[in-house]
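The structure under discussion appears below in the form of structure tokens.
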Amino acid sequence: MLGSGARMQVYPLVDERTVLRVPRRSEQQLIDEHGSSGRKALATGHEVSVTTETELHDIEAMEGFIGAFVPDSTPFADLDLVGDFRYYCLQRRVKITRDLRLVNERLPLQASRRSLERFIRDVRDMVNELGLVPDLAGRGNLVLDAAGLVKLIDVNNFRRLVPCEELEACFSDDDEIAEYAASHKRIEPALPVDFVDDLGHPVGDLTLQQLRTLEVRGLARDYKAVDRDPFYAPLRNERRQKVLALLKKPAA
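Everything in the sequence shown is counted per the numbering used here, starting at 103 for the first residue and increasing by one.
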């Protein structure tokens with residue numbers, strides 16, 4: 103195995119130019135999770151879950167914004183050894199020279215900085231137009247390839263960026279959030295759909311934080327100017343900050 107994430111596992115193939123991305127859960131498991139309302143019959147005769155249908159739609163939608171930064175990927179359905187359909191994905195293998203999750207200083211190559219500038223611009227456009235964010239916080243999700251150009255490896259964890267107004271509407275006031283901290287109750291069930299992923303990580307907010315870090319450190323932009331940018335306003339929302347702090351706390 104080459105890698106493992108929240109939803110996918112990555113395996114090498116005989117053709118070293120390509121890797122196989124395997125979903126952790128089968129279609130039947132996803133359908134069982136989401137109930138009968140999540141079923142959709144395809145022309146091939148098997149059923150697809152609402153999760154897979156959404157992911158395939160998101161991948162198609164994001165192609166117009168950040169497709170240039172994604173290795174060639176071909177999703178396909180197949181039957182695994184236990185008789186369950188899964189949506190596998192063949193992906194062009196990338197020779198990784200740097201993991202951009204950890205950036206402490208300005209990228210040394212001009213080509214890398216220009217590539218990162220375009221990537222950040224295109225992600226911002228995608229957020230503004232579609233309300234979707236990729237997962238940039240996971241290890242090895244955003245990298246530099248052999249040419250020093252930005253590549254987004256994980257294309258199976260797009261999330262809706264939940265607006266602050268929607269999050270604030272889940273709680274009557276800050277005291278209600280404080281009650282979760284005092285009682286050690288899990289706050290996840292009270293949060294809007296897509297605020298956290300399958301593992302309980304707030305992907306949208308972690309991605310915003312990572313984008314801000316890449317602008318400030320990777321491109322050496324002024325922190326105060328970047329932080330004041332309206333695009334990063336959700337990170338300054340006090341109620342949102344309190345929710346994120348609760349998600350960081352270990353379960354009692």
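Positions of the beta carbon are idealized from the N, C-alpha and C atoms, including for glycine.
No experiment lies behind these values; they were computed from the predicted model shown.
Check your understanding: For residue 253, which of helix, strand or coil comes out of DSSP?
Key -> strand
Exercise for review: Could you give the DSSP three-state label for residue 274: helix, strand or coil?
Suggested key: In the three-state reduction of the DSSP assignment, residue 274 falls in the coil class, being assigned neither a helical nor a strand state.
Point to revise | Cβ-based burial, residue 210 [other Cβ within 10 Å; buried from 16] | key: With fewer than 16 other Cβ atoms within 10 Å, it is exposed.
Exercise for review: Please classify residue 125: does DSSP put it in a helix, a strand, or coil?
Suggested key: strand
Review point. For residue 316, which residues does DSSP report across the bridge?
Key: Paired residues: none, contrary to the question.
Practice item. Report the residue from 194, 233 and 163 whose alpha carbon sits nearest the alpha carbon of residue 173. Key: 194
Check your understanding: What do you reckon, are the CB atoms on residue 238 and residue 244 nearer than 8 Å?
Key -> yes
**Study point:** Nearest to residue 150 (by Cα), restricted to the options 129, 166 and 168
**Key:** 129
Review point. Is there contact here, the segment 318–327 with the segment 252–269, by at least three beta-carbon pairs under 8 Å?
Key: no
Check your understanding: In whole angstroms, what separates the C-alpha of residue 118 from that of residue 197?
Key -> Straight-line Cα distance between these residues: approximately 11 Å.
**Study point:** Integer-rounded CB distance, given that residue 242 should sit under 8 Å from residue 201
**Key:** 6 Å
Exercise for review: Could you spell out the range, first to last residue, of the beta strand (DSSP E) harbouring residue 223?
Suggested key: First-last for residue 223: 212–232, but that is the alpha helix (DSSP H), not the beta strand (DSSP E).
Exercise for review: Return helix, strand or coil for residue 342, following the three-state DSSP convention.
Suggested key: In this structure, residue 342 counts as helix in the three-state DSSP scheme.
Exercise for review: Please state whether DSSP places residue 115 in a helix, a strand or coil.
Suggested key: coil
Point to revise | residue 291 to residue 213 span [Cα, whole Å] | key: Taking the straight line from one Cα to the other gives about 44 Å.
Exercise for review: Would you tell me roughly how many angstroms separate the C-alpha atoms of residue 349 and residue 280, rounded to the nearest one?
Suggested key: 13 Å
**Study point:** Rounded straight-line distance, which links the Cα of residue 315 to that of residue 230
**Key:** 19 Å
Check your understanding: Just checking my contact of residue 222 with residue 308 at CB under 8 Å: how many whole Å lie between their CB atoms?
Key -> That pair is no contact at about 15 Å.
Point to revise | Residues bridged to residue 105 (per DSSP) | key: DSSP lists 112 as the bridge partner or partners of residue 105.
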